[in-house]
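Protein sequence lines correspond, in order, to chains A and B.
Going by this note's numbering, the residue at position 9 of the first sequence is 9; the numbering climbs one at a time, nothing skipped.
Going by this note's numbering, the residue at position 39 of the second sequence is 151; the numbering climbs one at a time, nothing skipped.
Since the structure comes first, as structure tokens, the remarks are kept for the end.
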Amino acid sequence: DAKTTQPDSMESTEGETVHLPCSHATISGNEYIYWYRQVPLQGPEYVTHGLQQNTTNSMAFLAIASDRKSSTLILTHVSLRDAAVYHCILRDQQGTGSKLSFGKGAKLTVSP
Amino acid sequence: AQTIHQWPVAEIKAVGSPLSLGCTIKGKSSPNLYWYWQATGGTLQQLFYSITVGQVESVVQLNLSASRPKDDQFILSTEKLLLSHSGFYLCAWRTGGCNERLFFGHGTKLSVL
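Put into structure tokens, the structure is as follows:
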């Protein structure tokens, strides 16, 4: 799986919209962009994923740059429950899947 | 629906003692299974991966071993714990297809004293 770059941390306030950036300059054509989030002493939770088009679900909106070298996870009306470490990961779904790496991610702090 | 269960929830063990952590997946045949470990404040590290019974691939060497004795079971163990084994252990299974994703268990918190 190729490398991604995220800020170490971001801060927000309840009710705001948060933009979490991820850079993946060496992404290859068959790699999907995945986002997971993790709170302490729990396993990561799937948030969303996409290949080329922007995607949206009940948890977040994923905006993917036209050259696919970066993406942004957009969380609207954040609450305290959205505070977590957000991981941006690239996955080649044609691969064997033997190695699935999580980096440090970006820690999102939400203030009341 | 698929469920993933890890046991025990937490363990406090002495250095040099043996350890066995378990993970069971229900509702999914031939799942791809993973063991991850996370030191306190650290990143999630993949330890082992298994695609079928009896087959386990090691990703990171931490003086631990893993086995897949049944299709729905994945075991992590060691005969002698080290202080550095302390942390949070997570089992996960991976769906396939274009909507592939990982589902994690609730984890086991291990304290080695």
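All C-beta atoms in this analysis are idealised placements derived from N, C-alpha and C, irrespective of residue type, glycine included.
All values derive from a computational prediction rather than experimental measurement.
| Item | Value |
| --- | --- |
| Integer-rounded CB distance, given that A/Thr17 should sit under 8 Å from A/Ser111 | In fact, because the Cβ distance is near 15 Å, the residues do not count as touching under 8 Å. |
| Host beta strand (DSSP E) of A/Ala60 (start-end) | Neither: A/Ala60 is in no beta strand (DSSP E) and is coded neither H nor E. |
| Test: B/Phe216 CB closer than 9 Å to a CB of chain A | yes |
| Three CB pairs or more closer than 8 Å across the segment 133 to 146 of chain B and the segment 32 to 43 of chain A | no |
| Sufficient close CB pairs (3 or more, under 8 Å) joining the segment 195 to 212 of chain B to the segment 17 to 30 of chain A | no |
| Chain B contact residues for A/Ser132, given Cβ-Cβ distances below 7 Å | Absent from the structure is residue 132 of chain A, since the part of chain A shown begins at 1 and ends at 112. |
| Closer than 9 Å to chain A by CB, B/Arg206 | yes |
| Inter-residue Cα distance where the pair is B/Leu193 and A/Ala60 | 41 Å |
| C-alpha distance - B/Ser141 paired with B/Thr220, whole-angstrom precision | 24 Å |
| Cutoff 9 Å: B/Thr115 Cβ touching any chain A Cβ | no |
| Extent of the continuous beta strand (DSSP E) to which A/Pro7 belongs | First-last for A/Pro7: undefined, no H or E at that position. |
| DSSP three-state assignment for B/Ser196, whether helix, strand or coil | helix |
| Cβ shell of A/Asn57 (< 6 Å), same chain only, five flanking positions each side left out | Thr48 |
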